[in-house]
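In the UniProt record's numbering, the protein residues as written are 1 to 310.
Backbone N, C-alpha and C fix where the C-beta goes; we use that ideal spot for every residue, glycine too.
One structure is given below, encoded as structure tokens.
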Amino acid sequence: MSQPTQVLQALNMTDQPRSVEYVKLVVSTLGQNDFHLTMKGYDESRYFIIEEISNSEEKNRIMVPMDYCKKFLARIHKVLKFANRKSSKWHVQPTPKDLAYIFCVRLSTESGRKYYFDVIIKDGIRKLKLSYVYQRRREIFIDFTPLASFVKVIEKFQKEYPSLTGKDDVHLTKNNQSNNLNGTQMTGPSANNEFVFDVISVLSSTTHVQSINSVSPTGSSEDPKSTSTLNVSTDPVPNCFTHGTKTYQFEVLPEDNTFLRITEKIGGIKKSTLNIPIERMNTFVNILTQMDDRFWTVAKDIATSMDPRE
Numbered sequence: 001m002s003q004p005t006q007v008l009q010a011l012n013m014t015d016q017p018r019s020v021e022y023v024k025l026v027v028s029t030l031g032q033n034d035f036h037l038t039m040k041g042y043d044e045s046r047y048f049i050i051e052e053i054s055n056s057e058e059k060n061r062i063m064v065p066m067d068y069c070k071k072f073l074a075r076i077h078k079v080l081k082f083a084n085r086k087s088s089k090w091h092v093q094p095t096p097k098d099l100a101y102i103f104c105v106r107l108s109t110e111s112g113r114k115y116y117f118d119v120i121i122k123d124g125i126r127k128l129k130l131s132y133v134y135q136r137r138r139e140i141f142i143d144f145t146p147l148a149s150f151v152k153v154i155e156k157f158q159k160e161y162p163s164l165t166g167k168d169d170v171h172l173t174k175n176n177q178s179n180n181l182n183g184t185q186m187t188g189p190s191a192n193n194e195f196v197f198d199v200i201s202v203l204s205s206t207t208h209v210q211s212i213n214s215v216s217p218t219g220s221s222e223d224p225k226s227t228s229t230l231n232v233s234t235d236p237v238p239n240c241f242t243h244g245t246k247t248y249q250f251e252v253l254p255e256d257n258t259f260l261r262i263t264e265k266i267g268g269i270k271k272s273t274l275n276i277p278i279e280r281m282n283t284f285v286n287i288l289t290q291m292d293d294r295f296w297t298v299a300k301d302i303a304t305s306m307d308p309r310e
């Protein structure tokens with residue numbers, strides 16, 4: 001091969017874009033902001049972006065790596081299933097103007113990306129609040145009516161542009177190098193779990209906790225080691241988890257179901273007890289979520305630069 005030909009090929013390779021946009025679609029919501037759903041690639045990684053189209057300078061962009069696309073879809077289907085199950089009751093119940101969490105599904109990836117799928121009441125309307133925490137927090141609000149369109153578009157992306165390597169969920173610095181935080185894997189206490197918070201019963205105007213479930217990232221609850229359930233009912237059997245020699249027990253007693261009791265035991269000996277009013281569990285869950293977000297935001301500051309795909 002001649003030297004000019006080799007130089008030309010080298011130039012062509014250099015000129016090839018590292019980032020490619022496969023397709024961009026618009027999902028319209030009646031009377032609300034529209035959204036761009038864009039399928040993109042960066043080197044060998046594939047991902048899609050959900051971006052709210054608004055006049056604001058603040059761009060609410062949510063990035064989902066394709067190796068987590070199926071799990072992302074599974075969370076949305078879980079939210080839709082919950083909404084469909086409750087919809088007949090919603091129509092006959094008075095709607096409070098503002099109420100935080102009705103239902104929440106959570107997804108965390110190995111690189112530290114965190115997604116919250118919250119069914120909330122905002123301005124008297126029930127919506128999905130989709131939050132994305134990575135480097136910083138971004139949020140978009142979606143009415144339930146166009147949510148099925150989001151699902152169809154994302155399913156199209158999954159079918160036509162699946163992950164090529166199964167390793168799309170990586171942190172890339174601006175110089176295109178994988179950054180695993182100096183060898184520290186960003187897994188965290190919930191990175192490999194999905195958390196479902198059915199926090200506020202929509203069947204009653206009284207705020208109380210219905211259930212908190214933790215299931216495996218595949219959505220299966222067959223393995224008893226990876227599943228725990230907190231039933232706010234008259235069930236006297238407590239739920240618990242262990243950390244070293246410590247055991248933390250969660251229960252709602254039949255004789256007083258207005259409190260969630262958390263008991264700390266060391267070596268089987270009770271050390272402390274905390275009672276949380278059921279009517280304030282919504283606030284309790286919000287605080288835990290915010291603290292968890294702050295912890296991972298600080299941890300992610302170790303990364304030297306922003307992911308160029310963001």
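C-beta contact flag for residue i and residue j at 8 Å
i: ASP143; j: LYS129; result: no
i: ARG113; j: TYR134; result: yes
i: VAL151; j: LEU253; result: no
i: ILE140; j: ILE62; result: yes
i: LYS246; j: ILE269; result: no
i: TYR115; j: CYS104; result: no
Environment of residue i [buried if 16+ CB atoms lie within 10 Å]
i: SER178; result: Low local confidence applies: a pLDDT of 45 at SER178 is under 50, so the model's placement there is unreliable, and no value is given.
i: LEU203; result: The predicted position of LEU203 is uncertain, since its pLDDT is 26 and thus under 50; a value taken from the coordinates is nonetheless stated next. Flag for LEU203 reads exposed.
i: VAL20; result: exposed
i: GLU52; result: buried
i: ARG46; result: buried
i: LEU288; result: exposed
i: GLU251; result: buried
i: ASP67; result: buried
Residues near residue i in its chain [Cβ-Cβ closer than 7 Å; skip 5 each side]
i: TYR248; result: CYS240, PHE241, ILE262 and GLU264
i: TYR22; result: MET39, LYS40, GLY41 and TYR161
i: SER272; result: GLU264
i: SER149; result: VAL27
For residue i, the nearest candidate out of the options (CA to CA)
i: LYS127; options: ARG136, LEU80, LYS40 and ILE266; result: LEU80
i: VAL170; options: VAL20, HIS36, PRO65 and PHE284; result: PRO65
i: LEU260; options: ARG280, LYS271, ASN60 and ARG75; result: ARG280
i: ASN257; options: ILE125, HIS243 and ASN275; result: ASN275
i: ILE125; options: ALA83, HIS77, LYS71 and ILE278; result: ALA83
i: ILE154; options: PRO277, ARG75 and CYS104; result: ARG75
i: ARG136; options: PRO146, GLY166, ASN60 and LYS78; result: ASN60
i: GLU110; options: LYS167, ILE120 and LYS156; result: LYS167
i: LYS78; options: GLY244, LEU147, LEU164 and ILE278; result: LEU147
Cβ-based neighbour list, residue i, same chain, cut-off 6 Å, excluding 5 preceding and 5 following
i: SER28; result: ASP34
i: PRO69; result: Note that residue 69 corresponds to Cys in the displayed sequence, not to Pro. Excluding sequence neighbours, CYS69 sits near GLN158.
i: LEU164; result: GLU44
i: SER131; result: TYR116 and GLU139
i: SER54; result: ASN33
i: PHE284; result: ILE276
i: ASN180; result: Because ASN180 carries a pLDDT of 39, less than 50, the predicted location of this residue cannot be relied on, and no value is offered for it.
Start and end residues, beta strand (DSSP E) containing residue i
i: residue 335; result: Outside the displayed range of the chain (1 to 310) lies residue 335, so it cannot be described from this structure.
i: PHE144; result: Looking at the DSSP string, PHE144 is not in any beta strand (DSSP E), and its letter there is neither H nor E.
i: ARG261; result: 256-266
i: GLY41; result: 34-42
i: ASN239; result: 239-243
i: LYS127; result: 125-134
i: ASN275; result: 269-277
i: TYR115; result: 114-122
i: MET66; result: That residue, MET66, is in no beta strand (DSSP E); it is neither H nor E in DSSP.
i: ARG46; result: 45-53
i: VAL23; result: 19-27
Residue span of the alpha helix (DSSP H) that contains residue i, given as start and end
i: LYS159; result: 147-160
Sequence-distant residues of its chain with Cβ nearer than 8 Å to residue i (five each side left out)
i: LYS24; result: HIS36, LEU37, THR38 and MET39
i: PRO224; result: Note that PRO224 has pLDDT 36, beneath the 50 cutoff, so the model's placement of it is unreliable and the number below is only indicative. Within the same chain, PRO224 has no close Cβ partners at all.
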